[in-house]
Amino acid sequence: MSTPTAPPEVQARLLDLAALDAELGRIAAHRKRLGGDEALTKATAERSAARRTVADRRGELEDARRELGRIEGDVALVEQRLARDRGRLASTSSARDAQGLESEIASLLHRRTVLEDGELEVMARVEDGEAALAAAEAALAEIEARIGSLQGDRDDALGGLAEQETRVTRERAALAAELPADLVALYDRQRTRYGIGAAPLRGTVSGGSNMALTGADLARIRAAAPDAVVLDPESGCILVRLPEAKA
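In this text, residue positions in the sequence shown follow numbering that gives the first Met the number 0: the first is 0, and each later residue adds one.
So this is what it looks like as structure tokens:
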């Protein structure tokens with residue numbers, strides 16, 4: 000494929016094209032950074048941990064409530080047996096039966112005391128569990144709100160980037176349409192291969208490599224016809240020769 004030619008002023012417009020491509024690159028990089036937002040990633044990990052904590056606290060509370068229900072059921076059974084034995088004691092005329100009932104009532108009273116002591120302990124665990132669950136849920140809600148805010152900011156930023164990208168893409172298409180097709184094709188090919196399509200030559204320094212050209216390369220480029228399209232020997236991009244600054 001032969002190298003195209005173009006008047007210097009047309010070649011100079013490649014710098015405008017390169018500027019638009021650089022802006023598109025910055026937009027893409029910004030979008031990538033937003034996709035891997037450190038604060039959002041950290042908050043999401045915190046949310047996962049907070050959800051596990053809520054599940055643990057809820058499980059502990061449910062266990063305590065079940066235990067409390069079991070103890071309350073046992074206390075109710077003891078109360079029923081006490082009421083029954085006391086009724087039988089009040090109606091019996093047998094000294095032997097009365098002695099047996101009194102012994103059983105004493106045992107039931109002791110059992111009730113033990114159960115009630117345990118009930119108080121478990122009730123305290125339930126209260127502590129309810130407080131712990133409420134605290135865990137509040138912490139989770141705070142993280143959820145923070146994530147919502149971060150996501151809202153990210154979505155707003157992404158929306159702004161999309162608008163910028165649409166505008167710049169439109170400007171690039173319009174500019175490329177005004178330039179010779181073979182020149183744009185070469186520019187695009189070099190940009191795809193080397194990451195930059197065109198850069199200025201300022202004095203002896205290439206804007207593509209940010210390095211001074213060797214004497215031989217500089218002589219060769221300066222000897223080229225004004226409409227010749229020359230490539231940077233280091234970066235591979237099109238070198239746009241700018242007018243020498245006047246003293």
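Glycine residues also receive a C-beta, built at the ideal position from the N, C-alpha and C atoms.
- Look at Ser234 here: in three-state DSSP terms it is coil, with no helix or strand label.
- Residues Leu16 and Val183 of the same chain have their beta carbon placed closer than 8 Å to that of Ala175, with the five preceding and five following residues left out of the count.
- Cβ atoms of Asp20 and Arg166 stay farther apart than 8 Å, at about 14 Å.
- Residue pairing by DSSP places Ala227 opposite Thr4 in a beta bridge.
- Taking the Cα positions, Ala137 is about 10 Å away from Ala130.
- In the DSSP assignment, Pro199 forms a beta bridge with Val239.
- Inter-residue distance for Ala54 and Leu132 is about 9 Å (C-alpha atoms, whole angstroms).
- Counting along the chain, Ser90 sits inside the alpha helix (DSSP H) bounded by residues Glu37 to Ser90.
- Partner residues in the beta bridge of Met210, as assigned by DSSP, are Ser205.
- Leaving aside the five residues that flank Ala223 on each side, the residues in its chain whose CB is nearer than 6 Å to its CB run, in chain order, Val229.
- Each of Pro3, Glu115 and Asp226 was checked against the Cα of Glu71, and the nearest Cα belongs to Glu115.
- A distance of 7 Å or more separates the beta carbons of Asp231 and Thr4.
- Between Leu157 and Ala11, the alpha-carbon positions lie close to 32 Å from each other.
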